[in-house]
Amino acid sequence: MKLHISNINGFNASKELLDAQTKISKVGIELGAYEMGIYTYPVDSDSDVELSKRLDGIISALGFGDIVVLQLPTLNGYKYDSLLLAKILAYRTKLIIYIHGECLDSSYLNLLKRADSIIVNKNVNYHFLKNHGFCSVFLDSNYGHTKKCLMDAIECLCFVENTLLCMRNRVVENEIQVGFGLYDKTGDYTSWVGVTIQSILEHTNSKVCFHILHDSTLSNANKIKLIEIVEKFDDRIQFYSLSDDLFEEYNAQMGNYTVGAMFRVMLPKILGDLNRIIYLDADLLFNRDIQELWDIDINDYCLAAVPDLNVKKGYIWTYPTRGKVIEKFKYFNSGVLYMNLENIRKKGDLHTQTIEYLKEHPESDLPDQDALNVIYKDDTLLIDENWNYFAESIRHADERELKNKVYHYVGTLCTVNSQTEMDYLYYKTLLNTPWSNDPFDFLNRSIYKVDFQIEIFEKLFTRVSDVNNINIYYGSNIRLINQVKPLFHTIHVAENFEAVKNIIDTNEGHLFTIIVDTVIDGGKAFQNLESIGLDYNVDFFDVRCLLSYVQGGYVL
């Protein structure tokens with residue numbers, strides 16, 4: 010493992026910044042670092058191919074698992090910096106970012122979330138990052154503590170490996186095994202996993218070991234936060250890094266779902282020494298003891314799962330139920346899966362079986378969930394729906410008091426104007442995690458959503474008031490159709506793109522306002538409409554932006 014440190018040069022760089030970065034680079038070299046030169050220049054003069062080649066040259070000395078200290082700004086702009094960072098992280102490096110001067114533009118926050126540790130030389134930067142939930146931040150005040158900060162940041166990287174090694178070597182009897190798949194492109198998703206883990210541990214006296222399957226999008230800083238939660242309860246956590254391109258060819262097929270959901274199919278292969286595990290989605294809130302689930306007898310089954318409430322009630326028709334491969338009351342939601350890994354291995358390689366299913370059925374709406382339902386349709390024990398109860402059902406029923414349930418925030422989020430104890434418990438649990446600052450960001454996003462919705466309705470009012478206008482609903486979700494119809498005097502329903510085109514072709518000369526369910530036609534609805542010259546939020550609108558969260562709209 011080698012240590013690398015960047016340093017800018019070139020005519021575009023100010024002498025002050027050149028001197029500052031050179032000073033930090035020299036300290037790094039004293040610690041054994043290799044210098045990584047970055048030339049400042051007019052980036053727009055490069056084509057994408059030329060830029061990629063230039064960046065490949067900069068990182069040519071990197072090896073897998075190396076430590077990189079990247080000094081910002083490079084003065085080459087956000088696009089350059091984000092591409093450079095992506096190439097550095099492709100080597101599964103440990104990344105330390107050193108920020109010079111005042112705070113960078115807010116757009117850089119997502120880049121900083123990818124860093125394992127951050128060093129700043131201004132108090133304002135330090136407090137800004139701490140207030141935004143960054144934990145591994147070191148202050149090199151006026152460049153007076155550079156060597157110590159670098160050594161502390163490097164030691165922090167080693168903390169994770171050392172802590173995990175100690176946990177791995179600890180022997181614990183009668184331990185419940187719980188797995189997650191984690192893909193965190195923006196750096197925000199890990200907090201959801203954190204809340205789920207916190208809620209599990211607050212409601213059980215049993216010992217639990219968590220297994221996190223992830224790719225390079227999980228930062229060291231977020232790992233530390235997850236470790237902090239588990240350590241408070243004297244439990245264990247382990248991380249398993251998967252290749253970024255493992256399911257790359259199926260990204261488009263995933264639609265609105267993260268590729269991290271696919272990681273669950275790797276559990277039988279990666280955790281070869283385990284016979285059982287409870288797989289969980291990240292958007293769950295436990296208000297019951299997970300030991301009760303672990304005690305269910307699944308010796309004669311591959312899986313135990315809860316029937317999908319929306320499919321069972323006929324709100325949505327999934328690919329296997331439309332094709333009558335599975336009866337709707339037997340189709341399960343994969344957000345809570347009790348997996349008999351031993352029996353699963355006897356039936357074959359789940360990863361291979363899932364890939365084969367996706368290749369044969371590209372029309373699948375819920376790729377990994379559909380595959381699991383089909384593969385194990387005769388080997389699944391259907392269990393009490395309270396182990397995976399949809400949050401939207403709680404709100405529709407106006408169920409205000411907490412019950413002995415696992416709440417699943419599928420397709421929705423915790424909301425500020427909810428009157429349910431469920432949402433209050435979610436906030437309370439979040440405040441007990443290292444992401445306790447996140448509710449303030451949530452409030453800002455909620456206010457933005459209201460402003461955005463008002464703007465959309467203003468545009469819609471102008472459109473639908475035109476006597477030459479024809480309204481079209483593009484989608485097949487019965488529940489959403491019933492919510493939309495009262496908003497319009499008349500509206501034509503088109504269940505696919507061909508039906509939309511047919512309405513348009515047979516009403517030549519009219520104006521069209523199209524309300525769209527984004528998941529229809531394999532998630533390609535927007536792309537389809539743009540292909541015939543229509544514009545988003547002018548000619549067509551996202552149905553979930555028009556509805557409240559109770560009606561099936563977005564919470565945020």
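The numbers in the working numbering rise by one with no breaks, and the one at position 302 of the sequence shown is 311. Where a beta carbon is used, it is the ideal one built from N, C-alpha and C, also for glycine.
Could you pull the start and end residues of the alpha helix (DSSP H) that residue i belongs to?
i       : result
Ala-162 : 155-178
Gly-190 : No alpha helix (DSSP H) contains Gly-190, which is instead part of the beta strand (DSSP E) from 185-191.
Ile-67  : 57-67
Ser-23  : Segment: none, Ser-23 is in no alpha helix (DSSP H) and carries neither H nor E.
Ile-325 : Unbroken run through Ile-325: none, as it is neither H nor E.
His-136 : 132-140
Ala-588 : Residue 588 is absent from the structure shown; the chain starts at 10 and stops at 565.
Tyr-310 : Neither: Tyr-310 is in no alpha helix (DSSP H) and is coded neither H nor E.
Tyr-416 : Per DSSP, Tyr-416 belongs to no alpha helix (DSSP H); it is in the beta strand (DSSP E), 415-417.
Leu-276 : 276-279
Ile-7   : What is shown of the chain runs 10 to 565, which leaves residue 7 out entirely.
Are the CB atoms of residue i and residue j nearer to each other than 8 Å?
i       : j       : result
Val-315 : Ile-392 : yes
Ile-335 : Asn-382 : yes
Leu-302 : Ile-287 : yes
Gly-41  : Asn-16  : no
Gln-492 : Gln-560 : yes
Ser-145 : Ile-233 : yes
Ala-22  : Tyr-152 : no
Asn-349 : Ile-384 : no
Leu-26  : His-141 : no
Val-274 : Leu-359 : yes
Thr-442 : Gln-207 : yes
Leu-411 : Leu-434 : yes
Phe-272 : Leu-173 : no
Phe-506 : Asp-530 : yes
His-154 : Val-78  : no
Ignore the nearest five residues each way along the sequence and tell me which others in residue i's own chain have a CB closer than 7 Å to its CB.
i       : result
Phe-242 : Leu-210
Ile-325 : Asn-319 and Asn-486
Thr-499 : Asn-480
Phe-341 : Ala-314, Val-315, Pro-316, Asp-317, Asn-382, Thr-389 and Leu-391
Lys-11  : Tyr-43, Gly-72 and Asp-75
Thr-327 : Val-320, Tyr-340, Asp-374, Leu-375 and Asp-379
Leu-64  : Leu-92, Leu-93 and Lys-96
Return the first residue and the last residue of the beta strand (DSSP E) that residue i is part of.
i       : result
Phe-248 : 245-250
Lys-103 : 103-108
Thr-389 : 389-391
Asn-478 : 478-483
Phe-535 : Where Phe-535 is concerned, there is no enclosing beta strand (DSSP E), although the alpha helix (DSSP H) it sits in stretches over 534-539.
Based on DSSP bridge pairs, tell me the residues matched to residue i.
i       : result
Arg-553 : DSSP output for Arg-553 lists no bridge partner at all.
Leu-375 : Answer by DSSP bridge pairing: none, since Leu-375 is not bridged.
Gln-80  : Tyr-107
Gly-46  : Asn-16
Tyr-366 : Answer is none; Tyr-366 lacks a bridge partner.
Val-315 : Asn-342
Ser-126 : Ile-105
Val-146 : Ile-127
Thr-522 : Asn-480
Phe-295 : Val-415
Report all residues from its chain with a CB closer than 8 Å to the CB of residue i; omit the five preceding and five following residues, and keep chain order.
i       : result
Asn-265 : Model confidence at Asn-265 stands at a pLDDT of 49, short of 50, so the residue's coordinates are unreliable; what they give is reported in the following sentence. Cβ neighbours of Asn-265 beyond the five flanking positions: Thr-527, Val-528 and Gly-532.
Lys-510 : Ile-541
Pro-51  : Asn-21
Val-415 : Leu-293, Leu-294, Phe-295, Asn-296, Arg-297, Val-345, Asn-395, Trp-396, Asn-397 and Tyr-398
Lys-278 : Asp-358, Leu-359 and His-360
Which same chain residues, not among the five before or five after residue i, have their C-beta less than 6 Å away from its C-beta?
i       : result
Asn-147 : The sequence given here has Phe at residue 147, not Asn. If we look at Phe-147 and ignore the five residues flanking it on each side, its Cβ neighbours are Ile-128, Cys-158, Asp-161 and Ala-162.
Gly-188 : His-220, Leu-276, Ile-286 and Tyr-288
Ser-215 : Ile-185 and Gln-300
Leu-543 : Phe-549
Phe-470 : none
His-501 : Ile-481 and Ile-512
Cys-165 : Ser-126 and Ser-145
Validate contact between the segment 102-111 and the segment 46-61 using beta carbons, cut 8 Å, 3 pairs = Touching, no, given that fewer than three Cβ pairs across the two stretches are closer than 8 Å.
query = Below 8 Å, can you find three or more Cβ-Cβ pairs linking the segment 479-487 to the segment 507-525?
reply = Yes, since at least three Cβ pairs between the segment 479-487 and the segment 507-525 fall closer than 8 Å, the two stretches touch.
Given 8 Å, three or more beta-carbon pairs between the segment 199-206 and the segment 167-180 = Result no; under three Cβ-Cβ pairs closer than 8 Å.
request  = Would you check if there are 3 or more beta carbon pairs closer than 8 Å linking the segment 288-296 to the segment 227-237?
outcome  = Touching, no, given that fewer than three Cβ pairs across the two stretches are closer than 8 Å.
ask   = Okay, do the segment 412-421 and the segment 388-404 touch, 3+ Cβ pairs below 8 Å being the bar?
value = They touch, by the three-pair rule.
query = Does the segment 181-196 touch the segment 219-232, meaning 3 or more C-beta pairs lie closer than 8 Å?
reply = Three or more beta-carbon pairs drawn from the segment 219-232 and the segment 181-196 are found closer than 8 Å, and the two stretches are therefore classed as touching.
query = Does the count of Cβ pairs from the segment 115-122 and the segment 86-94 closer than 8 Å reach three?
reply = Under the three-pair Cβ rule at 8 Å, the segment 115-122 counts as touching the segment 86-94.
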